[in-house]
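Colleague: Below are the structure tokens for one structure; questions will follow.
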Amino acid sequence: MCNWTKQVYEKCKPFVSILKQQLLEGSLIGIDETTLQVMKEPNRSNTTKSYMWLFRGGHPDKPVLLYLYRETRSAEFIPKFLNRYQGCIQTDAFSSYDSNFRNWKGVLHGGCFAHARRKFYSVWQSEEDRIAICHNKCMRGLRGRKRNSKTKTSLSVFIFKDSKNQGRKIKTYFG
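See the structure below:
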């Protein structure tokens, strides 16, 4: 089926530039990748991992979902693919994103809220002497729901108890 998908993509290539243009017109692009296996691919073993990259963006009223096949997980192609884009790019915590977006002028790299929540939860579970308490009610409220457009900033307060900060509150803003 993956080989079939690649063949359809080759036939539809002229539409990709149109979709890409519409993708770049929005102020936010979400990017993620997933693994897949392609059978009988030239010069590659049937057990070799390949990657399908998903880009979601464009105008909120007309979102564009663009899938790209790549042989590797490297995100180095993204700056060239999204040439001249200015806005926010939201991704998960894959380290290759950080290295590719760090010096990209006009681009704000946003992380994934679900991944951030998991990290706080693992700290809370694993460390008795250093407890990270974050307002899970706030995090749950933001996750999976559309935020009210009138709300410009959400506030979450983290409390770290260790010898260095003596339980001071650290305010962190998510906008």
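If you number the sequence shown the way UniProt numbering does, the last residue is 175 and the count never jumps.
A virtual CB, placed ideally from N, CA and C, is assigned to each residue, including glycine.
1) Going along the chain, which unbroken runs of the alpha helix (DSSP H) with 4 or more residues stay wholly within the stretch 69 to 102?
2) Using 8 Å as the threshold, is the C-beta distance between arginine 56 and glycine 30 below it?
3) Grouping DSSP H, G and I as helix and E and B as strand, with all else coil, what is proline 63?
4) Nearest to leucine 108 by CA position, among Leu36, Arg84, Ile89, is which residue?
5) Nearest by alpha-carbon distance to asparagine 27: which of Ala114, Tyr67, Gly58, Asn83 is it?
6) Asparagine 103: which of Pro79, Phe94, Leu68, Gly111 sits nearest, CA to CA?
7) Report the three-state DSSP secondary structure of leucine 24 (helix, strand or coil).
8) Could you tell me whether the Cβ atoms of leucine 66 and leucine 24 are closer together than 8 Å?
9) What does the Cβ neighbour count give for threonine 91, buried or exposed, with the cut at 16 atoms within 10 Å?
10) Please name the residue in Phe15, Tyr9, Gln22 whose C-alpha comes closest to that of aspartate 61.
Modeller: So, to answer that:
1) 78 to 81, 95 to 101
2) yes
3) strand
4) Ile89
5) In the sequence under discussion, the amino acid at residue 27 is serine, which differs from the asparagine named in the question. Taking only the C-alpha atoms, the option nearest serine 27 is Gly58.
6) Pro79
7) coil
8) no
9) buried
10) Gln22
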